[in-house]
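Residue numbers (my numbering): 33 to 233.
Beta carbons: idealized from backbone N, C-alpha and C, even for Gly.
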Ligand SMILES: [Zn+2]
């Protein structure tokens, strides 16, 4: 996999697709990488939503649970993933970041029939759920686990992105929109991911 003219170019065997979202704008200076979860469990659903102008939302990349990567916005254009957000002196982090959405149902609660469901009532099988306390919260919740294939794809493409765009940091949406967002949540290994992407100890 390579980056050419701000788009991913797959090598043989790379599971990469381009589906261009209409939801983008300029100006744009990619300084940061921001990781999200989709809060649903379907790559196709997420891609369809980001193709819809009514969504007013997009991200540069969406990564499925099987590790498949879909690029939706060129890496030199502003995607609409972060909403109200800030980091240091920067306000409106869409203008300064490449966004990656990982397909994951997100934060879960136990329904009356004991099944784990997300905000939309989407059921997640018990074997894909871990209970954990979010660092911004005080009580445990269920969280949809990421898959190894997905984390590996995210890491591989993020290392490639860093070699092209030289990020100053790798952050979660929860870091730039605290109090409003909890993604990617406690099951995403953000610290080790950041170290590997930025090549720091
Ligand atoms: Zn998010």
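Residues bridged to residue i by DSSP?
{"i": "residue 49", "result": "102"}
{"i": "residue 151", "result": "For residue 151, which the question treats as bridged, DSSP gives no partner whatsoever."}
{"i": "residue 162", "result": "175"}
{"i": "residue 56", "result": "111"}
{"i": "residue 119", "result": "122"}
{"i": "residue 170", "result": "The partner list for residue 170 (beta bridge, DSSP) is empty, contrary to what the question assumes."}
{"i": "residue 156", "result": "148"}
{"i": "residue 63", "result": "According to DSSP, residue 63 bridges with nothing at all."}
Assuming residue i is part of the beta strand (DSSP E), what are its boundary residues?
{"i": "residue 39", "result": "39 to 41"}
{"i": "residue 71", "result": "Residue 71 -> no beta strand (DSSP E), and no H or E assigned at all."}
{"i": "residue 141", "result": "139 to 142"}
{"i": "residue 134", "result": "129 to 134"}
Can you list, in chain order, the residues of its chain with a C-beta nearer than 8 Å to that of residue i? Leave out the 5 residues immediately preceding and following it.
{"i": "residue 181", "result": "97, 98 and 99"}
{"i": "residue 171", "result": "165"}
{"i": "residue 57", "result": "109, 110 and 112"}
{"i": "residue 87", "result": "55 and 81"}
{"i": "residue 161", "result": "140, 148, 174, 175, 176 and 177"}
{"i": "residue 44", "result": "none"}
Alpha carbons only, please: which of the options is nearest the one belonging to residue i?
{"i": "residue 107", "options": "90, 221, 45 and 121", "result": "90"}
{"i": "residue 163", "options": "70, 227 and 149", "result": "149"}
{"i": "residue 207", "options": "64, 144, 74 and 41", "result": "64"}
{"i": "residue 186", "options": "94, 81 and 76", "result": "94"}
{"i": "residue 179", "options": "147, 144 and 138", "result": "138"}
{"i": "residue 211", "options": "183, 228, 167 and 153", "result": "167"}
{"i": "residue 142", "options": "134, 151 and 135", "result": "151"}
{"i": "residue 102", "options": "199, 198, 46 and 169", "result": "46"}
{"i": "residue 34", "options": "220, 193, 146 and 232", "result": "193"}
{"i": "residue 37", "options": "196, 224 and 230", "result": "196"}
{"i": "residue 218", "options": "231, 39, 169 and 78", "result": "169"}
{"i": "residue 27", "options": "42, 62, 125 and 131", "result": "Given a span of 33 to 233 for the chain in the structure shown, any question on residue 27 remains unanswerable."}
Locate the alpha helix (DSSP H) running through residue i, then write down its first and last residues.
{"i": "residue 112", "result": "Where residue 112 is concerned, there is no enclosing alpha helix (DSSP H), given that its DSSP letter is neither H nor E."}
{"i": "residue 230", "result": "222 to 230"}
{"i": "residue 201", "result": "Run containing residue 201: none in the alpha helix (DSSP H); it sits in the beta strand (DSSP E), 201 to 204."}
{"i": "residue 93", "result": "Not the alpha helix (DSSP H): residue 93 falls in the beta strand (DSSP E), residues 93 to 95."}
{"i": "residue 190", "result": "180 to 197"}
{"i": "residue 209", "result": "Premise fails: residue 209 is in no alpha helix (DSSP H) and is neither H nor E."}
{"i": "residue 76", "result": "75 to 83"}
Note down, in chain order, each residue of its chain lying with its Cβ closer than 7 Å to the Cβ of residue i, except the 5 sequence neighbours on either side.
{"i": "residue 60", "result": "108, 109, 110 and 127"}
{"i": "residue 209", "result": "114, 115, 116 and 117"}
By Cβ distance, which residues of its chain are closer than 6 Å to residue i, with the 5 residues on each side in sequence left out?
{"i": "residue 204", "result": "67, 216 and 222"}
{"i": "residue 54", "result": "85"}
{"i": "residue 71", "result": "138"}
{"i": "residue 227", "result": "none"}
Q. How would the residue list near ligand 1 read, in chain order, if you kept each one whose beta-carbon is closer than 5 Å to any heavy atom?
A. Put simply, the residues with a CB less than 5 Å from any heavy atom of ligand 1 are 68, 205 and 215, in chain order.
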